[in-house]
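In order, the protein sequences belong to chains A and B. FYI, our numbering numbers position 79 of the first sequence as 90, with every residue one higher than the one before it. FYI, our numbering numbers position 5 of the second sequence as -9, with every residue one higher than the one before it. Just so you know, even glycine gets a beta-carbon here, dropped at the ideal spot from N, CA and C. Since this is a predicted model, take the numbers as computed values, not measurements. To start, the structure itself, in structure tokens.
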Amino acid sequence: EAAVTQSPRNKVAVTGGKVTLSCNQTNNHNNMYWYRQDTGHGLRLIHYSYGAGSTEKGDIPDGYKASRPSQENFSLILELATPSQTSVYFCASGGLGQGADERLFFGHGTKLSVL
Amino acid sequence: QQKVQQSPESLIVPEGGMASLNCTFSDRNSQYFWWYRQHSGEGPKALMSIFSNGDKKEGRFTAHLNKASLYVSLHIKDSQPSDSALYFCAVSANSGTYQRFGTGTKLQVVP
């Protein structure tokens, strides 16, 4: 089974502070994604990457930056955290291919509270 | 922008019963459809995919797709308490483009 590991599992931050969420995958997948999950909204895409050095904006990128320094690692950065960014964040990886290769593998999530 | 809506928001079915989950999407270019399941405290896990119109069966799970009607559904036969979870449909327009997720349906299977 493909493995995606997120850290930390829980984070409490102060308004205006900087937060970095980390994700590591051992699947050798090209694509990695950051989603946030909120009741009533499902999962919404923040940023994604097609490979090391690349980042792309998803549907709700405002207030977030992303970094993909290597095939294995993908970070989500909140430079100035706000209470509206309180949420559960999920990282996922997926192969660029046909059919079953489109399956996404998710980490366990990071619960972020911004006070 | 693609909108993906799911209904009902929540569903209670008796153990051994049939659960039916619905998903509508707005982009007629959509090609690839996935169902994911998320148990409490975990990340979503892919259940099954469907790419062609009609039905696809995998064990107790059957997905149905009607692209012309912008509709995909998931039916769970002989529901078990372990099926209690949050279910998402995910839609993408082309292979390799990112998946947009629906709002989710919370399924509870009661003994």
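Residue i vs residue j beta-carbon contact at 8 Å
| i | j | result |
| --- | --- | --- |
| residue 16/B | residue 59/B | no |
| residue 79/B | residue 22/B | no |
| residue 91/B | residue -4/B | yes |
| residue 95/B | residue 69/B | yes |
Selection from the options that minimises the alpha carbon distance to residue i
| i | options | result |
| --- | --- | --- |
| residue 40/B | 34/B, 48/B, 26/B | 48/B |
| residue 98/A | 14/A, 45/A, 15/A | 45/A |
| residue -9/B | 72/A, 55/A, 89/A, 81/A | 55/A |
| residue 63/A | 71/A, 18/A, 31/A, 39/A | 39/A |
| residue 19/A | 26/A, 32/A, 25/A | 32/A |
| residue 82/A | 37/A, 123/A, 73/A | 37/A |
Residue-chain proximity (residue i, chain B), Cβ-Cβ < 8 Å
| i | result |
| --- | --- |
| residue 56/A | yes |
| residue 75/A | no |
| residue 87/A | no |
| residue 115/A | yes |
| residue 111/A | Per-residue confidence for residue 111/A stands at a pLDDT of 44, beneath the threshold of 50, marking its modelled position as unreliable; the derived number appears in the next sentence. Yes, contact with chain B. |
| residue 126/A | no |
| residue 69/A | yes |
| residue 100/A | no |
| residue 118/A | yes |
Unbroken beta strand (DSSP E) run spanning residue i, endpoints
| i | result |
| --- | --- |
| residue 91/A | Taken as a continuous stretch (DSSP letters only), residue 91/A belongs to no beta strand (DSSP E), as it is neither H nor E. |
| residue 4/B | Taken as a continuous stretch (DSSP letters only), residue 4/B belongs to no beta strand (DSSP E), as it is neither H nor E. |
| residue 56/A | 53 to 60 |
| residue 22/B | 18 to 24 |
| residue 74/B | 71 to 78 |
Within-8 Å CB hit, residue i to chain A
| i | result |
| --- | --- |
| residue 17/B | no |
| residue 87/B | yes |
| residue 77/B | no |
| residue 84/B | yes |
| residue -13/B | yes |
| residue 47/B | no |
| residue 90/B | yes |
| residue 74/B | yes |
Proximal residues, the stretch 20 to 35 of chain B versus chain A, C-beta separation under 9 Å: Flagged, chain order: 20, 22, 24, 27, 28, 29, 30, 31, 32, 35.
Contact residues within the stretch 22 to 52 of chain A, judged by C-beta distance below 7 Å to chain B: Going along the stretch 22 to 52 of chain A in chain order, one finds 44, 51, 52 with a Cβ nearer than 7 Å to chain B.
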